[in-house]
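Chains as they are written, first to last, in the working numbering: chain R, 19 to 347; chain A, 6 to 332.
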Amino acid sequence: MTDTPVLSVHDLVVEIPTRHGVLRPVDNVSYDIHAGEILGVVGESGAGKSMTGNAVIGLLDRPARIVSGEILLSGQPIQGLKRDVIRKLRGKKMGMIFQDPLTSLNPLLTVGDQLTETILEHLKVGQTEARKRAIAALEEVGIPAAAQRINSYPHEFSGGMRQRVVIALALCAEPDLVIADEPTTALDVSVQAQIVALLKRLCRERGVAVMLVTHDMGVIAEAADRVAVMYAGRLAELGPVREVLTQARHPYTAGLMASTPLASQGRKRLRQIPGSMPRLGALPTGCAFHPRCEFAQDKCRQEPGPTIDRCDGRAACWFPLTAKQEVSA
Amino acid sequence: MLAYIIRRVAQSILVLLVVGLVAFAMFRFVGDPIDNMLGQERTQADIERLREQLGLDQPFIVQYWRFLEQAIQGNFGLSYRQGRPVSDILIERLPATLELAVVSGLMALVGGIALGIFTAIRRRGVSANVIMTLSLVGVSLPTFLIGILLIYLFSVELGWLPSFGRGEVTDLGWWTTGFLTESGLKALILPAITLGLYQMTLIMRLVRTEMLEVLRMDYVRFARARGIRERAINFRHALKNTLVPVITITGLQLGSIIAFAIITETVFQWPGVGLLFINAIQFVDIPVMAAYLMLISVMFVGINLIVDMLYFAIDPRLRADRTQGGH
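Structure, rendered in structure tokens:
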């Protein structure tokens, strides 16, 4: 593992200008991902998880745009590069896996067409070599009889198999970074586990850096090395997965953990975090989480929440939880 | 696949039988043909004899069957007005209509798809918006008005192009064509634009809408995320997916280009089957009308059949030879 992280995001701000003012779906987000590491990004819908991933790969839908901050890919800044240069980075340096395998594949092209097209775009190989690599890519993600299946159309695969094809497509040009945007959400639970295991294996074997965006704490616990918790566009907590899950320091993370059902707890009533995440257009003053936080104090109501590096390096909270504090509610 | 084709062909035959019934019924709605054929001086015996001779004493279904038999052999009887076999007249007139329809159909298809793609890709561009606005004119102005406006501008004011007729035609024995002479080509321009403009704007707006829809799909995003070139995304990934619904509408539209060439042919006095039909209506020339009806329905059904076959060529999900896997 080298010292330069594969992906390094500094103070990223994404804004969407609307008629009712400017929204900030991603607000001062910073994190690194190293080679061979899986960074889980969790949060509720609309917390800015996917938006962060889209910003990194340069696929923000207009009018959303990056207004400040830095994105470094293997130490190289990618903003300000020409569109065509960034396009060549996509697929070659960074791949992306989408949520729904049913809709991410072009129904009118065989999986082989889609694979070879991507390989030919990024690697200097001929048709036959590209086809060989396409078959190898399918084999690597565990598709049986890949040499025959390469001529199949997407509709001839089951959902889980299709997601494997999607992963093969994202990885076929051997990128250093893969952004997996809810890769298991649309799948059956049993298939989910297989896909997570596959991602983990590929990450380990190839030394790919993975940004795993999900709202499923189970997937995070299973796959991620480190976890970033997002709330209302900001990072709430960032740290090694075991520590964050067992010893949450941000009250929001703690609440999130308490509201995750565990079989071992039996049939207890689930805890919930009171209220709901504020809309981006109507963020409260002070820390965005304070109206739902049982530990909120005057400072939280008046001053905007701190960024992580201004606190203890883990939680973006004026009063991070200590081991003794327990979330009730 | 084969079963599907057989089923579609069977459906087409059923449609043609029904249209044939309507065409056949026309003869009976306009009174007893015996009255038309025999003059005032007639005896009951004459009537009976002719009735028997023409088979009009047979039951309805038998008569219908004989009509179909004749129709399949291309025999629609004699034109009341011209006294010549209807099939001869039709064959004589058909090249003019087909040439006009093919030219305006191609214009509509090529122009419509090209402009549709352009306006979809350059959605926010000024030129795309200008084209979209102008296309409203094409959709909303009635065909005859466009024809008259074109005649006024290019024939009357500028005097560049002829205002009526087909120009000089070359007789190839079984076909007359206007493609080979300058005046024939010149004469084709205005009617072709008139007939094709509406279809072109329709196809363009349809392609644009479908294309915009497809460009929002996940697989287009995913292709972008893999660094595929914009050109390949637009033309390889998006266009092909756009074509399925476009083919449906276009197929029907091409059918109606032939069928509704009537108006354009009337405006430009184009000597095709449409003009023939209009004249036949004026003179209640039933055999011509019936034959025209059959001809148009055969074309419509034929085009629809081809369109259905095209789906298979484009969309693998419809091909019946699925071997393994799937849902």
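Just so it is clear, CB atoms sit at the ideal spot from N, CA and C, and this is done for glycine as well.
Model, not experiment: these values are computed from the prediction.
Rounded to a whole number of angstroms, what is the C-alpha to C-alpha distance between residue i and residue j?
| i | j | result |
| --- | --- | --- |
| residue 13 of chain R | residue 241 of chain R | Outside the shown range of chain R, which is 19 to 347, sits residue 13 of chain R, and nothing can be said about it. |
| residue 103 of chain A | residue 277 of chain A | 8 Å |
| residue 302 of chain A | residue 143 of chain R | 54 Å |
| residue 204 of chain R | residue 185 of chain R | 14 Å |
| residue 187 of chain A | residue 144 of chain A | 31 Å |
| residue 199 of chain R | residue 298 of chain R | 21 Å |
| residue 28 of chain R | residue 289 of chain R | 34 Å |
| residue 214 of chain R | residue 117 of chain R | 13 Å |
| residue 146 of chain R | residue 223 of chain A | 28 Å |
| residue 210 of chain R | residue 95 of chain R | 34 Å |
| residue 318 of chain A | residue 295 of chain A | 35 Å |
| residue 137 of chain A | residue 188 of chain R | 37 Å |
| residue 127 of chain A | residue 133 of chain A | 6 Å |
| residue 264 of chain R | residue 340 of chain R | 12 Å |
| residue 299 of chain A | residue 148 of chain A | 24 Å |
| residue 251 of chain A | residue 120 of chain A | 14 Å |
| residue 68 of chain R | residue 193 of chain A | 57 Å |
| residue 239 of chain R | residue 75 of chain R | 25 Å |
| residue 158 of chain A | residue 131 of chain R | 51 Å |
| residue 315 of chain R | residue 266 of chain R | 19 Å |
| residue 274 of chain R | residue 7 of chain A | 57 Å |
| residue 172 of chain R | residue 321 of chain A | 10 Å |
Does the Cβ of residue i have 16 or more other Cβ atoms within 10 Å, making it buried, or fewer, making it exposed?
| i | result |
| --- | --- |
| residue 300 of chain R | exposed |
| residue 206 of chain A | buried |
| residue 15 of chain A | exposed |
| residue 207 of chain R | exposed |
| residue 270 of chain R | buried |
| residue 314 of chain A | exposed |
| residue 167 of chain A | buried |
| residue 197 of chain R | buried |
| residue 201 of chain R | buried |
| residue 63 of chain R | exposed |
| residue 346 of chain R | Residue confidence for residue 346 of chain R is low, a pLDDT of 48 falling below 50, so the modelled location carries little weight; the figure read from the coordinates is stated next. Residue 346 of chain R should be labelled exposed. |
Take residue i and list the residues in its own chain whose beta-carbon comes closer than 7 Å to its own, dropping the five residues that flank it on each side.
| i | result |
| --- | --- |
| residue 291 of chain A | 31, 32, 35, 85 |
| residue 308 of chain A | 256, 259, 260 |
| residue 180 of chain A | 100 |
| residue 283 of chain A | 267, 271 |
I'd like to know if residue i contacts chain R, where contact means its C-beta is closer than 8 Å to some C-beta of that chain.
| i | result |
| --- | --- |
| residue 320 of chain A | yes |
| residue 265 of chain A | no |
| residue 313 of chain A | no |
| residue 9 of chain A | no |
| residue 134 of chain A | no |
| residue 125 of chain A | no |
| residue 239 of chain A | no |
| residue 290 of chain A | no |
| residue 222 of chain A | yes |
Going by C-alpha distance, which of the options is nearest residue i?
| i | options | result |
| --- | --- | --- |
| residue 93 of chain R | R:57, R:117, R:47, R:195 | R:195 |
| residue 81 of chain R | R:88, R:65, R:33 | R:33 |
| residue 102 of chain R | A:154, A:233, A:215 | A:233 |
| residue 235 of chain A | R:288, R:105, R:222, R:217 | R:105 |
| residue 200 of chain A | A:105, A:99, A:76 | A:105 |
| residue 297 of chain A | A:74, A:306, A:309, A:264 | A:264 |
| residue 226 of chain R | R:79, R:112, R:64, R:73 | R:112 |
| residue 156 of chain R | R:229, R:320, R:182, R:312 | R:182 |
| residue 111 of chain A | A:244, A:270, A:208, A:247 | A:208 |
| residue 117 of chain A | A:211, A:8, A:274, A:237 | A:211 |
| residue 172 of chain A | A:55, A:191, A:18, A:49 | A:191 |
| residue 244 of chain R | R:57, R:26, R:151 | R:57 |
| residue 35 of chain R | R:49, R:135, R:79, R:53 | R:79 |
Among the residues of its own chain, which have a CB less than 6 Å from the CB of residue i, if the five just before and after it don't count?
| i | result |
| --- | --- |
| residue 316 of chain A | 323 |
| residue 13 of chain R | Here chain R comprises residues numbered 19 to 347, so residue 13 of chain R is not present and cannot be evaluated. |
| residue 258 of chain A | 204 |
| residue 165 of chain R | 153 |
| residue 140 of chain R | 109, 110, 191 |
| residue 254 of chain A | 211 |
Does chain A have any CB closer than 8 Å to the CB of residue i?
| i | result |
| --- | --- |
| residue 125 of chain R | yes |
| residue 92 of chain R | no |
| residue 168 of chain R | no |
| residue 142 of chain R | no |
| residue 114 of chain R | yes |
| residue 160 of chain R | no |
| residue 122 of chain R | yes |
| residue 96 of chain R | no |
Can we count residue i as close to the ligand PLP, meaning its CB is less than 7 Å from some heavy atom?
| i | result |
| --- | --- |
| residue 7 of chain A | In the structure shown, the ligand PLP is absent, as is every other ligand, since no ligand is present at all. |
Looking only at its chain, what residues have a beta carbon closer than 8 Å to the beta carbon of residue i, apart from the 5 residues adjacent to it on each side?
| i | result |
| --- | --- |
| residue 221 of chain A | none |
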